RNA sequence: UGGGGAUUGGUGUAAUGGUAGCACGACUGACUCUGGAUCAGUUAGUAUAGGUUCGAAUCCUAUAUCCCCAGCCA
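Numbering (the working numbering), first residue to last: 32 to 623.
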């Protein structure tokens with residue numbers, strides 16, 4: 032995780048600080064506040080998800096930013112559920128959000144909060160604003176509120192209920208709370224300015240009537256606060272110093288300020304974590320959300336993909352969700368490395384998905400045990416190898432990490448190699464097996480292709496090869512070289528496995544950029560999942576635990592899926608990411 | 001035709017009036033029992049037009065383009 036090793040006095044040459052995390056404009060603000068001793072030198076941030084869906088990689092950016100900023104400057108970061116809309120929120124989502132934040136490697140310790148913890152305080156303060164003449168109960172139905180708000184270019188009209196007395200407002204508001212009125216019949220509105228050019232200031236709704244059961248407060252409330260009324264006050268109550276959100280909330284900042292101004296004007300000042308540093312108020316800062324190529328990132332769209340079964344759930348390995356990536360085999364450190372490496376700024380950005388894959392490979396290359404597996408088996412018979420004989424060869428578990436040791440791999444007369452590792456009539460740059468050509472079988476022997484056996488329709492059925500016993504282990508004593516090394520498994524010892532190969536969920540870099548009448552659903556990739564039902568793995572692949580990621584040599588990284596039947600030795604592997612494939616590039620170039 | 005933001009190589013991100021840098025990608029080459037990894041190198045950028053200044057990505061003026069806002073969502 033990000034080590035808080037920032038040293039402001041002598042880092043003039045480095046653009047990064049704090050465990051490789053890029054310094055950003057928020058760090059600058061924080062450092063200024065720290066040096067001016069604002070907030071008594073305390074830093075408090077918060078990650079405020081709404082529990083109406085699963086966390087995705089965009090949230091990971093926010094999590095790394097909020098927790099990372101706190102960590103780096105010796106502050107704390109709260110986890111706060113923004114649970115003000117019980118019609119969309121569920122306990123299940125709360126649980127999954129907590130699991131995902133923990134899995135990512137962040138710890139909020141005792142700082143777990145909910146906006147709903149503050150419903151009483153919020154209600155109390157709302158009555159104070161009513162008494163101060165800054166809020167009123169409005170009887171306009173939703174359509175009328177919408178109509179009277181005006182448009183982007185024309186001012187709104189004042190509600191006919193704007194002039195009610197405080198007494199009347201208090202009475203109505205109490206009855207709203209008591210559940211006397213049906214949903215949608217009334218709202219509590221802030222009295223600001225119906226002609227404000229910023230639409231958020233045109234008498235925004237503070238409370239709406241919702242006869243809904245809340246995951247935490249149950250049936251206690253018939254009214255629920257809106258985001259603007261709940262969020263800033265929650266920050267304030269918790270002593271949050273730097274309230275970091277995304278760009279679309281920029282227009283809400285004047286309202287965020289207005290509420291706190293009004294409350295301060297009537298003498299409200301919550302108990303808070305900040306110690307005797309003078310009057311304190313939180314400040315909002317906005318950054319640009321993360322976009323990724325070949326995917327969508329809005330919870331609404333992700334929910335739609337799940338609900339309409341375009342994917343197999345929130346944790347489908349094709350989803351950009353944290354849980355999908357976990358299942359796919361992305362290590363949390365890779366996701367953190369990605370988030371820390373992309374920087375934080377205020378301009379719109381779209382990161383190439385390959386950038387995330389870079390971090391995944393970087394991490395897995397260092398940590399994933401190597402195994403051999405063949406996805407598309409082609410039978411090879413070593414004609415000069417004795418029938419019935421078996422040999423055990425030493426194979427290195429991870430060339431990047433000698434401490435990972437080695438294992439034994441069985442070798443026999445009949446083997447499988449990858450079908451695409453043989454070509455009968457190879458082009459110039461194809462180094463692998465071909466008639467008459469000698470290659471190395473990884474950790475085993477040099478073999479030479481002597482004969483191609485075909486079936487009736489001309490398909491290649493089997494290769495008859497000879498091996499050189501002197502090359503046992505993979506080295507030729509006479510020093511002769513070979514251009515290629517192939518992975519292989521022994522046919523009789525191989526384990527059957529299901530392997531799921533994933534590709535982009537969408538065929539377009541920007542799935543949302545569609546012509547009139549089309550949507551992102553029209554560019555779903557029909558080949559985003561390919562299932563190989565009878566892949567062959569070396570026997571030791573059976574000793575893999577769910578979630579563990581292996582490198583199948585020359586193929587890529589593969590994570591053992593929870594669908595695996597480990598008792599029946601029927602593993603299911605998700606391809607996390609391929610290895611970088613220079614040959615594929617050569618082929619693509621030759622192709623056109 | 002309202003308000004708020006943004007614009008630096010293909011993609012991200014630095015440079016806060018003083019040498020436009022870093023990462024990813026792409027391309028070379030070296031090395032290699034993974035066409036992986038590693039190592040070395042190359043490539044390519046300040047939206048446009050004026051102005052201020054010894055000096056401008058940075059300051060000023062205009063223009064262009066893109067994003068956000070009219071939920072009783074967050």
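For each residue, glycine too, the CB sits at the ideal point set by N, CA and C. Just so it is clear, the structure is predicted and the values come from calculations on it, not from any experiment.
Notebook entry, point to check: Just the Cα atoms here: how many angstroms apart are residue 337 and residue 84?
Noted result: Residue 337 and residue 84 have their C-alpha atoms some 10 Å from each other.
Next item on the list: List in chain order: all unbroken alpha helix (DSSP H) runs of 4+ residues lying wholly within the stretch 340 to 407.
Entry: Taken in chain order, the complete alpha helix (DSSP H) segments of 4 or more residues contained in the stretch 340 to 407 are 353 to 359, 363 to 372 and 384 to 398.
Next item on the list: Verify whether the separation of the beta carbon atoms of residue 303 and residue 311 is less than 9 Å.
Entry: Contact: yes.
Check: With a CB to CB cut of under 6 Å and the five nearest residues on each side skipped, what residues in its chain are close to residue 236?
Finding: Non-local beta-carbon contacts of residue 236 in its own chain, meaning distances under 6 Å to residues more than five positions away in sequence, involve 218, 220 and 257 in chain order.
Margin query: Less than 7 Å between C-beta atoms, sequence neighbours within five positions excluded: which residues of the same chain meet that for residue 472?
Written below: So the list reads 478, 517 and 519, once near-sequence residues are dropped.
Item checked: Proximity winner among 448, 440, 107 and 491, relative to residue 456 (alpha-carbon distances) -> If you compare the alpha carbons of 448, 440, 107 and 491 with that of residue 456, the shortest gap goes to 491.
Check: If you drop the 5 nearest sequence neighbours on each side, which residues of the same chain put their C-beta closer than 7 Å to that of residue 248?
Finding: Setting aside the 5 residues that flank it on each side, residue 248 is surrounded in the same chain by 147 and 150, each with a C-beta closer than 7 Å to its C-beta; the list follows chain order.
Next item on the list: Jot down the residue ranges of each uninterrupted alpha helix (DSSP H) in the stretch 129 to 195, minimum 4 residues, whole runs only, in chain order.
Entry: Taking only runs of at least 4 residues, the alpha helix (DSSP H) segments lying wholly in the stretch 129 to 195 are 150 to 162 and 173 to 179.
Checklist line | Residue span of the beta strand (DSSP E) that contains residue 202, given as start and end | finding: First-last for residue 202: 197 to 208, but that is the alpha helix (DSSP H), not the beta strand (DSSP E).
Note to self: Give me the residue from 459, 496 and 166 with the minimum Cα distance to residue 416.
What the structure shows: Residue 416 has its Cα closest to that of 496, out of 459, 496 and 166.
Item checked: Closest Cα partner of residue 172 within the set 240, 378 and 549 -> Its Cα nearest to that of residue 172, the residue 240 stands out among 240, 378 and 549.
Check: Closest to residue 129 by CA distance: which of 243, 428 and 87 is it?
Finding: Nearest option by C-alpha distance: 87.
Notebook entry, point to check: Mind checking whether residue 594 and residue 357 have CB atoms under 9 Å apart?
Noted result: No. Outside cutoff.
Check: Rounded to the nearest angstrom, how far is the Cβ of residue 421 from that of residue 400, given a contact under 8 Å?
Finding: In fact, because the Cβ distance is near 23 Å, the residues do not count as touching under 8 Å.
Note to self: I'd like the list of long-range same chain contacts for residue 23, defined as Cβ closer than 8 Å, with 5 residues on each side in sequence excluded.
What the structure shows: In the structure as shown, the chain starts at 32 and stops at 623, and residue 23 therefore has no counterpart that could be examined.
Next item on the list: Reducing DSSP to helix, strand and coil, say where residue 431 ends up.
Entry: Look at residue 431 here: in three-state DSSP terms it is coil, with no helix or strand label.
Next item on the list: Kindly list the residues whose CB is nearer than 7 Å to the CB of residue 242, restricted to its own chain and excluding five residues on each side of it in sequence; keep chain order.
Entry: Cβ neighbours of residue 242 beyond the five flanking positions: 210, 214 and 253.
Next item on the list: Keeping to the same chain, check which residues put their C-beta closer than 6 Å to that of residue 405; ignore five residues upstream and five downstream.
Entry: Here the set comprises 447, 449, 520 and 567.
Checklist line | Extent of the continuous alpha helix (DSSP H) run through residue 93 | finding: From DSSP, the alpha helix (DSSP H) with residue 93 extends over 88 to 103.
Margin query: To the nearest angstrom, how far is the alpha carbon of residue 144 from that of residue 346?
Written below: Looking at the backbone, the Cα of residue 144 and that of residue 346 are separated by about 25 Å.
Notebook entry, point to check: Excluding five sequence neighbours on each side, which residues of the same chain lie with their C-beta closer than 6 Å to the C-beta of residue 603?
Noted result: Around residue 603, the same chain offers 529, 592, 594 and 595 as residues with beta carbons nearer than 6 Å, after the five sequence neighbours per side are excluded.
Checklist line | Classification of residue 297 by the beta-carbon crowding that lies within 10 angstroms, buried from 16 upward | finding: So residue 297 ends up on the exposed side.
Note to self: Assuming contact is defined by CB atoms lying nearer than 9 Å, are residue 164 and residue 226 in contact in what I supplied?
What the structure shows: Result no, Cβ atoms of residue 164 and residue 226 do not sit closer than 9 Å.
Margin query: Threshold first: 3 residues or longer. Then list the beta strand (DSSP E) segments lying entirely within the stretch 255 to 343, N to C.
Written below: Those beta strand (DSSP E) runs which fall completely within the stretch 255 to 343 and span 3+ residues are 273 to 277, 314 to 318 and 321 to 323.
Check: Between residue 92 and residue 333, which are expected to be in contact by the criterion C-beta below 8 Å, what is the C-beta distance as a whole number of angstroms?
Finding: The Cβ separation is near 16 Å, so there is no contact.
Check: residue 138: which of 111, 158, 523 and 118 sits nearest, CA to CA?
Finding: Out of 111, 158, 523 and 118, 111 has the C-alpha closest to the C-alpha of residue 138.
Item checked: Minimum C-alpha distance to residue 328 - residue among 313, 121 and 349 -> Nearest of 313, 121 and 349 to residue 328, Cα basis: 349.
Margin query: Just to confirm the assignment, what range does the alpha helix (DSSP H) spanning residue 57 have?
Written below: Per DSSP, the continuous alpha helix (DSSP H) segment holding residue 57 begins and ends at 56 to 66.
Note to self: Counting beta carbon pairs with one atom in the stretch 542 to 561 and one in the stretch 384 to 402, are three or more of them shorter than 8 Å?
What the structure shows: Judged by Cβ distances under 8 Å, the stretch 384 to 402 makes no contact with the stretch 542 to 561, as fewer than three pairs qualify.
Item checked: DSSP-derived helix/strand/coil call for residue 512 -> Three-state DSSP puts residue 512 in coil, outside helix and strand.
Check: What is the DSSP secondary structure of residue 465, counted as helix, strand or coil?
Finding: DSSP places residue 465 in the coil class of the three-state scheme, outside both helix and strand.
Check: Any idea what DSSP makes of residue 586, helix, strand or coil?
Finding: DSSP, read as helix, strand or coil, puts residue 586 in coil.
Notebook entry, point to check: Hey, how far is the Cα of residue 238 from the Cα of residue 197?
Noted result: If you draw a straight line from the Cα of residue 238 to the Cα of residue 197, it comes to about 16 Å.
Margin query: Going by DSSP, what residue range makes up the alpha helix (DSSP H) through residue 621?
Written below: Its alpha helix (DSSP H) spans residues 613 to 622.
Next item on the list: Output the distance between the C-alpha atoms of residue 187 and residue 323, rounded to the nearest integer angstrom.
Entry: Straight-line Cα distance between these residues: approximately 38 Å.
Notebook entry, point to check: Is residue 207 near residue 271, with beta carbons less than 9 Å apart?
Noted result: Result no, Cβ atoms of residue 207 and residue 271 do not sit closer than 9 Å.
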